[in-house]
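The sequence shown: position 28 = 30 (the working numbering), numbered continuously. In this text, a Cβ means the ideal position worked out from N, Cα and C, and glycines have one as well. Everything numeric in this text was worked out from a predicted model, so none of it was measured.
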Amino acid sequence: MKRKFARTSMPARGSVPDSPSPVSFEISGEHLTPGVTLLRESTRFVVHSRHAVALDLCLYDPKDPTREAARVRMQRTECDLWHATVHGVKAGTLYGYRAHGPWLPQNAMRFNAKKLMLDPYARAIHGTPDEAEHMRTLPDPRHSVGCIDNGAHALKSVVVDESFDWTGDAKPRVPWQDTVICELHVKGFTQTHPEVPATLRGTYAGLAHPAVTSYLRDLGITSVQLLPVHQHLDDGFLLSRDLTNYWGYNTIGFFAPQNTYSASTDPQEQVREFKAMVKALHAAGIEVILDVVYNHTAEGNEHGPSVMFRGLDDHSYYRHQFGEHGAGYVNVTGCGNSVDSASLPALRLILDSLRYWVTEMHVDGFRFDLAVTVARDETDGFNRQSPFLSAVAQDPVLSRVKLIAEAWDISRMDSYQVGNFPEPWRELNGKYRDTVRSWWRGDSGATAEFAKRFCGSQDVFGWNQRPPLASINFLTSHDGFTLLDLVSYAEKHNEANNEDNRDGDSNNHSTNCGVEGPTTDPKVLQTRGQLRRGLIATMMCSLGVPFITAGDERGRTQRGNNNAYCQDSDISWIDWHDCDEEMLTFTRQITAFRRSHEVFRRRSYFDGKLNPATCLRDVIWLESDGTLLHHEEWHQETRRCFGALLGPASDSASPLLLLFNNSAEPQPFTLPGGADNLWSLVFDTALSPSFPAMPTPGLAGAQTYPLLGQGIVCLTLAAGDPEALEPKL
């Protein structure tokens, strides 16, 4: 008879204590899934490797993480899965893998059993996530750091009990047309918050605090987009400069929440704390969207650390170029490697990770960093029917959550793919950002394209029947200037990054309004305020999904740093002790204004056709003299001013009139209609405050509105027949 249990095998007798725990390799026809499964009296470990010749499971004592308590030689089964079930192993146990195989970098095989590998499916990771010399293998396992056994000091995977009381949790399921996204950093958002207890600041628990959730709700935010919360590794070159990878785009754990963002040191509690944060945000009606990095890992190029994929099966997990000089990493991410999402093990891991965060952690969606890399097929080209995009489209879980693509990677002819992702994807609209910035800066010839972006970028998304809500309209994000810096600096100032200001984008479409950086000049400050309000108002009145960067509503500055990826400091944190109250009030008002007007939350493009229910076209474009604005006039280099008469979305609403002027000079604007039509002011971003505290005297049609420079005006029809508003030919 086959024995059900066997003792742990010892690769090096005497180096690791023998374990009294019996080990089973029976699977009885069960379907094995990668990762760890807690059973009634034991724990099953499963890991993938096609090219390893042997795999060891190493168990560590959580009371002394440097001590390897037992080692188990795993058995291989179908689908290149290695497995072992160890009796008596409980939640909290630390573990890792040692993969045996050839050292053949020219064939994309970099096995080194002296290095302890993380489980790619680990639910939590123990240890300080700093890149260290002991993680490296070069030049090979026999020389230099490659021959050092790093088991004692390596990061360890953790066996996690995933139980959690989700009673009462209900996902907000906010429709796209009602969505307002706020991008924020888990640590930076609460690090200085005076109402959050000091022990919770900068943590998941801090973000769940009622003072935080109520602030977001009052701001009009429906969905927070968290910068990467997957466990990441701080780069060695940054640590040597006393800097860190603050943004976290350096993943080593696709299932594990970043342990340094937790108020607890217990890995079990870290996972529960993340879940409690999601539950608290849901209770406030706020969705949780994760910024996820599946395009590359922290292992970098061939000189980088070996912590998971590289040591388990480099050939299967990464994209390589094979030539006469051997295998080199395909690097379309700028980070040294690219995950091969067209290979079965990598694709499965990505999909399993996404489903885990939705089903187990209850998140509501994802923003995919450098999504073009993940959407490349087996020929390494972007493909709208790539294995990843096709798998997501038919997945019963993932196809129903919010999916946002950063629709580019780098260095390839097909790297920029804005507008080319299939349904149900939404995309960060980089064309919107650049065009709206340029127009408000006063660049010549930008008005026609500005109007296209305002109308939902039909030229970008409409060609394949995608709606305006496919466009995520953003003006700023973590990557680049803050909104205040956008109107305060003509040049980047990244000296604090210790790269001689060479890093970061030099093409920002920004302006300093006459003075570089901080100033007390009242005229400069007034102009900066007008531009910021005009920019935010443009975004809130544009068709598409608005996207705010946390702190812009408060006047946050990074002191001109447009690449603060390594600044875990007051450069990046929200300053809760200093606030531009006027900007905060305006942002709250303009988000509420959008929420109350369906015309800005349209699910279809403007078509200019007459609506018999409202007796108006959905949009009419106007010259400042009240006449129709014709096609050839849009492209005038000197065009600085225009109006948009918006027909109501229903017969119970009133028409709205938006007047735009990006020049520094005022421009009187003739209002549509006649003496019987009465217009009432809603807001004027050139004024401070922009929303009038009291109702304003109405202006009759055919009168002129004193449209100031660098502002947007919104008026609503308070009285009169809408049919009289359309200019006569």
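Starting from residue i, follow its DSSP beta bridges and name the residues at the other end.
i: Lys158; result: His128
i: Met119; result: Tyr99
i: Tyr707; result: Phe671
i: Val715; result: Leu661, Asp686
i: Tyr331; result: His322
i: Asp66; result: Asp63
i: Met111; result: Leu106
i: Phe549; result: Ile183, Phe476
i: Phe423; result: Note: Phe423 sits in no beta bridge, so no partner.
i: Tyr418; result: Trp410
i: Gly645; result: Leu624, Leu661
i: Pro259; result: His232
i: Ile291; result: Gln227, Gly367
i: Gly37; result: Val48
i: Lys404; result: Gly367
How long is the line joining the alpha carbons of residue i and residue j, rounded to whole angstroms?
i: Val403; j: Asp366; result: 6 Å
i: Leu714; j: Ile291; result: This sequence places Ile at residue 714; Leu is not what is there. Spanning the two alpha carbons is a distance of roughly 31 Å.
i: Ala210; j: Arg125; result: 21 Å
i: Arg350; j: Tyr123; result: 11 Å
i: Thr39; j: Met542; result: 47 Å
i: Pro729; j: Thr629; result: 6 Å
i: Gly325; j: Ala54; result: 23 Å
i: Ala344; j: Cys568; result: 31 Å
i: Asp507; j: Ala156; result: 36 Å
i: Thr10; j: His145; result: Low local confidence applies: a pLDDT of 43 at Thr10 is under 50, so the model's placement there is unreliable, with the coordinate-based value given in what follows. Roughly 30 Å separates the two Cα atoms.
i: Arg321; j: Asp342; result: 5 Å
i: Asp580; j: Arg243; result: 29 Å
i: Gly208; j: Val198; result: 6 Å
i: Arg219; j: Ile288; result: 7 Å
i: His232; j: Gly255; result: 6 Å
i: Pro212; j: Asp554; result: 21 Å
i: Asn431; j: Asp416; result: 17 Å
i: Arg69; j: Leu235; result: 23 Å
i: Asp20; j: Gly31; result: Unreliable placement is indicated for Asp20, whose pLDDT of 49 sits below 50; the coordinate value is still reported in the next sentence. Asp20 and Gly31: Cα-Cα distance of roughly 30 Å.
i: Gly557; j: Asn252; result: 29 Å
i: Leu683; j: Thr718; result: 7 Å
i: Asp237; j: Leu120; result: 17 Å
i: Arg15; j: Ala72; result: Summary for Arg15: the model assigns pLDDT 35, below 50, so the residue's position carries little reliability, and this model does not support an answer.
i: Gly703; j: Glu639; result: 29 Å
i: Ser574; j: Gly129; result: 25 Å
Go through its chain and collect everything with a Cβ distance to residue i's Cβ below 8 Å, but skip five positions before and after it.
i: Thr706; result: Pro670, Phe671, Thr672, Leu673
i: Tyr607; result: Cys457, Gly458, Gln460, Gly464, Pro469, Pro470, Leu545
i: Gly204; result: Val188, Lys189, Gly190, Thr192, Gln193, Tyr263
i: Leu83; result: Leu34, Pro36, Val48, Val49, His50
i: Gly722; result: Gly675, Gly676, Asp678, Asn679, Leu680, Gly703
So, for residue i: in the same chain, excluding its five sequence neighbours on each side, which residues have a beta-carbon less than 7 Å away from its beta-carbon?
i: Pro104; result: Met111, Phe113
i: Pro724; result: Thr616, Cys617, Leu618, Pro657
i: Val517; result: Asp523, Val526
i: Ser181; result: Sequence check: residue 181 is Thr here, not Ser. Hits under 7 Å: Thr224, Ser225, Val547.
i: Asp142; result: Trp105, Gly148
Cutting at 6 Å between CB atoms, please list the residues of its own chain near residue i, excluding the five before and the five after it.
i: Pro347; result: His50, Ser318
i: Phe27; result: Gln77
i: Tyr358; result: Phe257
i: Met3; result: With a pLDDT of 33 at Met3, under the threshold of 50, the modelled position of that residue is not reliable, and the figure given next carries that caveat. Result list for Met3: empty, nothing under 6 Å.
i: Phe685; result: Ser692, Phe693, Cys716
i: Glu497; result: Asn503
i: Thr529; result: Cys515
i: Phe662; result: Phe644, Ile714
i: Ala450; result: Trp636, His637
i: Arg642; result: Asn664, Ser665
Please look up how many angstroms separate the CB atoms of residue i and residue j, rounded, as I've assumed it's under 8 Å.
i: Glu429; j: Ala407; result: 5 Å
i: Arg43; j: His89; result: According to the sequence shown, residue 43 is Glu rather than Arg. Indeed they touch by this definition, with Cβ atoms about 6 Å apart.
i: Val147; j: Pro269; result: So it is not a contact: roughly 27 Å between Cβ atoms.
i: Pro36; j: Val48; result: 5 Å
i: Leu710; j: Pro650; result: Contact flag wrong, Cβ pair sits at about 26 Å.
i: Asp481; j: Gln560; result: Not a contact, Cβ separation roughly 11 Å.
i: Val438; j: Trp410; result: Not quite, the Cβ-Cβ distance comes to about 18 Å (not below 8 Å), so this is no contact.
i: Ala552; j: Cys184; result: 6 Å
Using 8 Å as the threshold, is the stretch 240-254 in touch with the stretch 312-327, meaning 3 or more CB pairs across them? Contact between the stretch 240-254 and the stretch 312-327 is absent, because fewer than three Cβ pairs lie under 8 Å.
Please confirm if the stretch 440-457 is in contact with the stretch 531-541, defined as three or more CB-CB distances below 8 Å between the two stretches. By the criterion of at least three beta-carbon pairs nearer than 8 Å, the stretch 440-457 is in contact with the stretch 531-541.
Below 8 Å, how does it come out for the stretch 162-172 and the stretch 133-140: are there three or more Cβ pairs, yes or no? No contact exists between the stretch 162-172 and the stretch 133-140.
Between the stretch 591-600 and the stretch 270-286, do three or more beta carbon pairs fall short of 8 Å? The answer is no - the stretch 270-286 does not touch the stretch 591-600, with fewer than three Cβ pairs under 8 Å.
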